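Asker: Final position of the sequence shown in our numbering is 379; the numbers increase by one with none missing.
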Amino acid sequence: MSKILVWPRNRYLLKINWTGLIYCLWKFRSLTLIPFKNTWIRAEKGSTVEGEGILLLGIQWELGRYMPSQLVMRAGAKVKVHEKFKIYSGHSIWVNQNACLDLGSGYINNNLSISCFKSIQIGRNVAIAENVAIWDSDCHCTGTNIKTAPVKIGDNVWIGLNSVILKGVTIGEGAIIAAGSVVNRDVPPYSLAAGVPAVVKKKCENRCNHGKNL
Numbered sequence: 166m167s168k169i170l171v172w173p174r175n176r177y178l179l180k181i182n183w184t185g186l187i188y189c190l191w192k193f194r195s196l197t198l199i200p201f202k203n204t205w206i207r208a209e210k211g212s213t214v215e216g217e218g219i220l221l222l223g224i225q226w227e228l229g230r231y232m233p234s235q236l237v238m239r240a241g242a243k244v245k246v247h248e249k250f251k252i253y254s255g256h257s258i259w260v261n262q263n264a265c266l267d268l269g270s271g272y273i274n275n276n277l278s279i280s281c282f283k284s285i286q287i288g289r290n291v292a293i294a295e296n297v298a299i300w301d302s303d304c305h306c307t308g309t310n311i312k313t314a315p316v317k318i319g320d321n322v323w324i325g326l327n328s329v330i331l332k333g334v335t336i337g338e339g340a341i342i343a344a345g346s347v348v349n350r351d352v353p354p355y356s357l358a359a360g361v362p363a364v365v366k367k368k369c370e371n372r373c374n375h376g377k378n379l
């Protein structure tokens with residue numbers, strides 16, 4: 166996909182963090198990552214942002230405030246972007262040493278928390294609401310090691326606000342996660358899961374085209 170085709174529209178141009186964009190161009194040698202106002206980026210040696218898509222990072226609704234946001238990439242960390250992906254402001258994203266955050270297409274609303282110690286994969290045409298946390302680890306040490314397990318979120322998935330996705334979880338294509346859920350086990354494709362911990366409540370219809378115009 167040509168990045169020219171998905172470059173931010175004119176109404177966004179004045180909202181870009183141009184200093185951050187120059188930093189990204191210098192660091193990553195590409196236009197894959199476009200940071201917006203109040204977005205802070207730190208990328209350590211050997212970290213990369215790559216792919217055929219474009220990531221609009223720290224974007225905001227037209228009348229909204231650009232909340233403080235951060236992306237931290239430790240040494241050897243990788244972010245892959247396959248199509249157009251939007252992450253709204255207020256996010257805190259940590260991609261740790263030699264870990265990989267893989268993004269398809271769609272959007273994630275305000276106040277996202279991602280902690281990627283190993284691998285987090287988010288598919289195409291996803292819609293993720295406000296105040297969602299996605300962690301592929303316990304985020305603390307037990308003994309000498311941090312326990313990690315990959316997270317995979319399939320295509321056409323919806324995740325409701327205030328939900329938490331924990332390590333080792335696969336959410337199947339077309340699944341819906343209800344607001345306020347804590348997902349600590351796999352969710353089958355085309356199913357609705359809810360609760361703490363989340364359990365499957367029912368099957369849901371195929372919504373394979375819902376995110377095409379996001």
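Glycine residues also receive a C-beta, built at the ideal position from the N, C-alpha and C atoms. Since the structure is predicted, the reported quantities are computational estimates derived from the model, not experimental observations.
Could you check which residue in Glu-227, Arg-289, Ser-212 has the C-alpha nearest to that of Glu-338?
Answerer: For this step, residue 338 is matched to residue 173 along the sequence shown. Among Glu-227, Arg-289, Ser-212, the Cα nearest to that of Glu-338 is on Arg-289.
Asker: Run through DSSP, which three-state label would Cys-189 get?
Answerer: For the purposes of this step, residue 189 is identified with residue 24 of the sequence shown, where counting begins at 1. Correct three-state label for Cys-189: helix.
Asker: Which runs of the beta strand (DSSP E) at least 3 residues long sit entirely within the stretch 250 to 322? Give them in chain order.
Answerer: Fully enclosed beta strand (DSSP E) runs of 3 or longer: 257 to 260, 265 to 268, 271 to 273, 278 to 281, 284 to 287, 291 to 293, 298 to 300, 316 to 318.
Asker: Which residue wins for smallest C-alpha separation from Tyr-177, given the options Phe-201, Gly-333, Leu-357?
Answerer: The residue labelled residue 177 in the question sits at position 12 within the sequence shown. Ranking the options by Cα distance to Tyr-177, first place goes to Phe-201.
Asker: Can you tell me whether Trp-183 is buried or exposed, with buried defined as 16 or more other CB within 10 angstroms of its CB?
Answerer: Taking the sequence shown and counting its residues from 1, the one referred to as residue 183 is at position 18. That one is exposed.
Asker: Taking C-alpha atoms, which residue in Lys-368, Val-329, Ile-273, Ala-340 lies nearest to Asn-349?
Answerer: The residue you call residue 349 lines up with position 184 of the sequence shown. Considering only alpha carbons, the answer is Val-329.
Asker: Would you tell me roughly how many angstroms separate the C-alpha atoms of Asn-120 and Leu-179, rounded to the nearest one?
Answerer: Residue 120 falls outside the range modelled here, since the chain spans only 166 to 379, and no answer is possible.
Asker: Would you say the stretch 215 to 223 touches the stretch 186 to 206, given that touching needs at least three Cβ pairs under 8 angstroms?
Answerer: Segments in contact, yes.
Asker: Counting along the chain, where does the beta strand (DSSP E) carrying Val-365 start and finish?
Answerer: Here residue 365 refers to the residue found at position 200 when the sequence shown is read from its first residue. Residues 364 to 368.
Asker: As a quick exercise: from Pro-353, Val-334, Leu-190, pick the residue whose alpha carbon is nearest that of Thr-213.
Answerer: Within the sequence shown, the letter at position 48 stands for residue 213. The candidate whose alpha carbon is nearest that of Thr-213 is Leu-190.
Asker: Would a C-beta distance cut-off of 8 angstroms place Leu-236 and Ile-285 closer than the cut-off?
Answerer: As a first step, residue 236 is located in the sequence shown; it is residue number 71 there, counting from the start. As a first step, residue 285 is located in the sequence shown; it is residue number 120 there, counting from the start. No, Cβ-Cβ distance for Leu-236 and Ile-285 is not below 8 angstroms.
Asker: Find out if the Cβ-Cβ distance for the pair His-247, Leu-266 is shorter than 8 angstroms.
Answerer: As a first step, residue 247 is located in the sequence shown; it is residue number 82 there, counting from the start. As a first step, residue 266 is located in the sequence shown; it is residue number 101 there, counting from the start. Contact flag unset, no.
Asker: Under 8 angstroms Cβ to Cβ from Cys-369, same chain only, skipping five residues before and after it: list those, please.
Answerer: Mapped onto the sequence shown, residue 369 falls at position 204. Contacts found: Gly-339, Ala-340, Ile-341, Tyr-355, Ser-356, Leu-357.
Asker: State the Cα-Cα distance for the pair Gly-376 and Lys-210, rounded to the nearest angstrom.
Answerer: As a first step, residue 376 is located in the sequence shown; it is residue number 211 there, counting from the start. As a first step, residue 210 is located in the sequence shown; it is residue number 45 there, counting from the start. Per-residue confidence for Gly-376 stands at a pLDDT of 46, beneath the threshold of 50, marking its modelled position as unreliable; no derived number is given.
Asker: Using a Cβ-Cβ cutoff of less than 6 angstroms, which residues in the same chain neighbour Ala-298 once the five nearest sequence positions on both sides are dropped?
Answerer: On the sequence shown, residue 298 is found 133 positions in, with the first residue counted as 1. Excluding positions up to five away in sequence, the list reads Ser-278, Val-329.
Asker: Under a three-way DSSP split, which group does Thr-197 fall into?
Answerer: Mapped onto the sequence shown, residue 197 falls at position 32. If DSSP states are grouped into helix, strand and coil, Thr-197 belongs with coil.
Asker: How should Gln-225 be labelled, buried or exposed, when 16 other C-beta atoms within 10 angstroms of its C-beta is the threshold for buried?
Answerer: Translated into the one-based positions of the sequence shown, residue 225 becomes position 60. With 16 or more Cβ atoms within 10 Å of its Cβ, Gln-225 is classed as buried.
Asker: Considering only residues of the same chain and omitting the five flanking positions on each side of Gly-241, which have a CB-CB separation below 7 angstroms?
Answerer: Taking the sequence shown and counting its residues from 1, one reaches residue 241 at position 76. For Gly-241, where only same-chain residues beyond five positions count, the Cβ hits under 7 angstroms are Gly-211, Ser-212, Gln-262, Asn-263.
Asker: How far does the beta strand (DSSP E) with Ala-208 in it reach, from first residue to last?
Answerer: Within the sequence shown, residue 208 is the residue found at index 43, counting from 1. First-last of the beta strand (DSSP E) with Ala-208: 204 to 208.
Asker: Find out if the Cβ-Cβ distance for the pair Val-365, Val-352 is shorter than 8 angstroms.
Answerer: One-based indexing of the sequence shown puts residue 365 at position 200. One-based indexing of the sequence shown puts residue 352 at position 187. Yes.
Asker: To the nearest angstrom, how far is the alpha carbon of Tyr-272 from that of Asn-310?
Answerer: Residue numbering aside, residue 272 sits at position 107 when the sequence shown is read from its first letter. Residue numbering aside, residue 310 sits at position 145 when the sequence shown is read from its first letter. Looking at the two C-alpha atoms, the distance is approximately 33 angstroms.
Asker: Residues in its own chain within less than 6 angstroms of Trp-259 by CB, not counting five upstream and five downstream?
Answerer: Here residue 259 is taken as the residue at index 94 of the sequence shown, counted from 1. So the list reads Val-237, Ser-280, once near-sequence residues are dropped.
Asker: State the beta-bridge partners of Glu-215 as determined by DSSP.
Answerer: In the sequence shown, counting from the first residue as 1, residue 215 sits at position 50. Partner(s): Lys-245.
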